[in-house]
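What follows is a set of notes on a single structure, which appears directly below.
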Amino acid sequence: QVSDEMIADDQSMTEQVVTNGMGRDLQRYSPLEMLNRDNVQNLVPAWAFSLGGEKQRGQETQPLIYDGMMYITGSYSRLYAIDLETGAEVWQYDARLPEGILPCCDVVNRGAALYNDKLYFGTLDARIVALDAKTGDVVWRDQIADYKAGYSYTAAPLIVDGLVVTGNSGGEFGIVGEVQARDAETGEMVWTRPVIEGHMGTLNGEESTMTGELNATWPGDMWKTGGGATWLGGSYDARTDTLIFGTGNPAPWNSHLRNAGQPTEDNSGDNLYAASRLGIDPETGDIKWHFQTTPREGWDYDGVNEVVPYEDREGNMRLATADRNGFFYVLNAEDGAFVSAEPFVKDITWADGIDENGRPIFNEENRPGDPSASADGAKGEVVFSSPSFLGGKNWMPMAFSKRTGNFYVPSNEWGMDIWNEPITYKKGAAYLGSGFTIKPNYEDHIGSLKAIDPDTGEWVWEYKNDAPLWSGVMTTAGGLVFFGTPEGKFIALDDETGEELWSFQTGSGIVGQPVTWEQDGEQYVSVISGWGGAVPLWGGEVAKKVNYLNQGGMLWTFKLPRELAALE
Ligand SMILES: O=C(O)c1cc(C(=O)O)c2c(n1)C(=O)C(=O)c1cc(C(=O)O)[nH]c1-2
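Yeah, the sequence shown ends on 605 if you go by the numbering used here, and it's all consecutive.
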């Protein structure tokens with residue numbers, strides 16, 4: 038049984054990985070050092086596991102490891118239980134999706150959660166399912182929202198105080214972002230927190246508090262379909278007992294329809310709380326603080342990227358997040374107050390920087406134009422903006438190293454031509470009001486893994502990759518940084534220099550999230566391979582450039598054999 042203590046100590050308990058993020062602070066750091074810079078060249082495959090069938094694409098899962106088992110989710114809302122010793126399948130669960138699901142960005146799932154004797158995972162028809170971890174039998178199942186209205190769910194759930202806490206997806210369909218907390222045992226709803234101003238939360242079945250202030254930052258009824266999907270799930274800072282969720286783009290993309298196209302004296306076009314980070318009370322669902330990365334958002338710069346609690350070199354409790362908009366933010370962990378923001382990509386054109394209050398210094402001429410100002414009203418002025426709407430960084434998680442004190446950030450150097458068009462809301466239909474073409478900013482690379490000193494924002498080193506990076510990163514006390522590439526390589530770098538020390542060709546592009554653990558005195562590393570996610574669907578010319586490999590669905594497990602650990 039996975040206890041609250043095991044969840045709280047997941048980072049230091051090296052024989053298990055029971056949380057998404059290798060700890061609910063999502064540091065993705067392992068204190069294991071058996072495998073290290075001196076012996077990583079001896080890392081060899083132990084076993085591999087195919088997800089089987091025809092559903093070979095978009096494998097974004099992070100494996101969970103507990104009690105001799107590995108649990109992975111697969112694309113198309115599948116979950117597999119695998120024997121950790123042999124790599125043999127023990128059971129599998131297929132959610133059997135209905136026709137007409139509407140995930141915006143591929144049929145992905147990013148992982149499950151473990152608590153007591155159950156596994157929890159989300160499905161593309163916007164459900165949360167609790168399974169018996171031993172048998173795979175359904176214990177309870179509940180609907181998060183209506184998939185016919187464009188809702189889906191791709192994130193890993195988060196377990197806090199006996200609650201299973203979920204986000205939602207659907208920002209491209211004019212849904213309303215929400216965080217929900219259910220009793221993990223029974224599935225009963227405890228609270229809900231819609232994240233767009235004007236909507237009511239609930240607590241124990243009763244209406245609780247309104248989110249924000251009705252119409253304070255949205256014109257007319259636009260808040261009713263305001264987007265802000267909480268589609269990456271959240272983190273938990275135990276030191277302040279705070280859930281931290283990011284919120285996606287406001288809907289529609291066309292900012293001129295949301296009073297966000299022009300600066301206003303009272304910031305009434307900010308469209309709270311889209312493109313923000315929210316600190317939420319796990320007991321009541323109340324918002325404790327908010328920090329909006331992109332007020333007046335107009336480029337699809339979702340604010341969902343993971344927020345990582347950490348201690349800086351002076352012992353301050355901080356939160357770090359690398360936003361789609363290209364800036365790496367440090368916030369105060371107590372109240373989400375702005376501390377600093379520095380660019381983590383080379384070319385940012387939509388803003389000249391971030392001011393001392395954390396607000397962007399907008400470059401107004403790089404905001405896509407208002408179609409209603411054009412001669413026929415059909416298309417606004419086309420502008421070039423960087424980063425592209427897929428972001429300086431997308432969902433693929435960065436890692437913090439307790440060894441170096443640096444963050445390791447998977448980033449992409451690309452921009453886009455973007456324009457606006459008229460659009461009206463229609464249930465279950467795309468609600469963008471924008472068009473775009475992504476362009477690489479450099480000939481020789483789009484992907485760029487950077488080691489970033491959070492105290493200064495300085496880039497310690499950069500590892501360049503031809504294709505856009507789309508996999509999670511993991512650090513270890515052995516001085517290693519693991520990640521994968523769309524070209525199929527699973528790579529270990531030196532955390533101090535960025536030098537490539539080891540790599541393995543996995544056969545398909547990697548968009549998964551690596552983990553490591555200890556078993557019978559030996560260190561193991563796993564990652565899933567299977568190209569997919571938003572790049573092949575939305576990347577246009579860039580996507581063609583990276584179609585090197587076949588689709589896939591293979592979990593690879595590597596180990597450092599005992600007899601090779603001492604060999605250099
Ligand atoms: O607004 C949303 O609801 C939403 C959801 C998702 C998702 O759930 O996967 C993505 C996005 N937006 C998105 O903007 C995006 O770039 C994206 C990339 C991916 C992916 O898995 O590669 N998902 C999503």
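Heads up, the beta-carbon is just placed ideally off N, CA and C, and yes, glycines get one too.
{"Check": "DSSP three-state call for Y184: helix, strand or coil?", "Outcome": "helix"}
{"Check": "Going by the DSSP bridge assignment, what does F421 pair with across the sheet?", "Outcome": "D454"}
{"Check": "At a cut-off of 8 Å, is S471 close to ligand 1 when judged by its beta-carbon and the heavy atoms of the ligand?", "Outcome": "no"}
{"Check": "Looking at W451: is its Cβ nearer than 9 Å to the Cβ of N478?", "Outcome": "yes"}
{"Check": "Take the Cβ of E234 as the centre, count every other Cβ of all protein chains shown within 10 Å, and call the residue buried at 16 or more, exposed below.", "Outcome": "buried"}
{"Check": "Can you list, in chain order, the stretches of the beta strand (DSSP E) that have 3 or more residues and sit fully within the stretch 279–316?", "Outcome": "279–283"}
{"Check": "Which of helix, strand or coil does DSSP assign to E209?", "Outcome": "helix"}
{"Check": "So, do the stretch 191–201 and the stretch 434–444 have three or more beta carbon pairs nearer to each other than 8 Å?", "Outcome": "no"}
{"Check": "Identify the continuous beta strand (DSSP E) that holds G247 and give its terminal residues.", "Outcome": "Per the sequence shown, residue 247 should be read as Met rather than Gly. M247 -> beta strand (DSSP E) spans 243–247."}
{"Check": "Could you please give the first and the last residue of the uninterrupted beta strand (DSSP E) stretch that includes K596?", "Outcome": "591–596"}
{"Check": "How about S189: is its Cβ closer than 8 Å to a heavy atom in ligand 1?", "Outcome": "yes"}
{"Check": "Which residue comes first and which comes last in the beta strand (DSSP E) that contains M107?", "Outcome": "106–111"}
{"Check": "Between which two residues does the beta strand (DSSP E) carrying E499 extend?", "Outcome": "496–502"}
{"Check": "Can you tell me where the beta strand (DSSP E) holding E537 begins and where it ends?", "Outcome": "537–542"}
{"Check": "Compute the Euclidean distance between the alpha carbons of K171 and N342, then round it to the nearest angstrom.", "Outcome": "33 Å"}
{"Check": "Taking DSSP's pairing of strands, which residues face H327 in a bridge?", "Outcome": "L315"}
{"Check": "Helix, strand or coil for S545, going by three-state DSSP, please let me know.", "Outcome": "coil"}
{"Check": "Quick one, which of L309, D274, T358, T331 has its alpha-carbon nearest D318's?", "Outcome": "D274"}
{"Check": "Nearest to G242 by CA position, among W255, D258, E225, is which residue?", "Outcome": "E225"}
{"Check": "If you check the beta carbons only, do S114 and D143 fall under 9 Å apart?", "Outcome": "no"}
{"Check": "Round the Cβ separation of G270 and N57 to the nearest angstrom and send it over; I've been treating them as touching at under 8 Å.", "Outcome": "7 Å"}
{"Check": "Around the Cβ of P140, are there at least 16 other Cβ atoms within 10 angstroms (buried) or fewer (exposed)?", "Outcome": "buried"}
{"Check": "Name the DSSP beta bridge partners of A602, please?", "Outcome": "According to DSSP, A602 bridges with nothing at all."}
{"Check": "If you count every other CB in all the chains shown that lies within 10 Å of the CB of N587, and 16 or more means buried, which is it?", "Outcome": "exposed"}
{"Check": "Within its chain, find whatever has a CB closer than 6 Å to the CB of F399; leave out the 5 residues flanking it on each side and keep chain order.", "Outcome": "A388"}
{"Check": "Tell me which residues share the same chain as E244 and place their Cβ nearer than 6 Å to its Cβ, disregarding the 5 neighbours each side in the sequence.", "Outcome": "M237"}
{"Check": "Could you pull the start and end residues of the alpha helix (DSSP H) that E379 belongs to?", "Outcome": "Looking at the DSSP string, E379 is not in any alpha helix (DSSP H); the run it does join, the beta strand (DSSP E), is 375–380."}
{"Check": "Three or more C-beta pairs closer than 8 Å, one from the stretch 289–306 and one from the stretch 348–365: is that the case here?", "Outcome": "no"}
{"Check": "What separation, rounded to the nearest whole angstrom, lies between the Cα atoms of A193 and R219?", "Outcome": "14 Å"}
{"Check": "When burial is assigned at 16 or more other CB atoms within 10 Å of the CB, is T203 buried or exposed?", "Outcome": "buried"}
{"Check": "By Cβ distance, which residues of its chain are closer than 8 Å to N449, with the 5 residues on each side in sequence left out?", "Outcome": "V382, P424, S425, L427, G428, G429, K430, N431, I483, G484, S485, P505, L506"}
{"Check": "Could you tell me which uninterrupted beta strand (DSSP E) segments, each at least 3 residues in length, are contained entirely in the stretch 58–104, listed from first to last along the chain?", "Outcome": "81–87, 101–103"}
{"Check": "Considering just the uninterrupted stretch of the alpha helix (DSSP H) at E42, what are its terminal residues?", "Outcome": "41–45"}
{"Check": "Can you tell which of F421, K476, L538 has the C-alpha that lies nearest to the C-alpha of V572?", "Outcome": "K476"}
{"Check": "Excluding the 5 residues flanking A488 on each side, which residues of the same chain have their C-beta closer than 6 Å to its C-beta?", "Outcome": "N443, Y445, V497, W498"}
{"Check": "Give the DSSP-derived three-state secondary structure of N403 in the structure shown.", "Outcome": "helix"}
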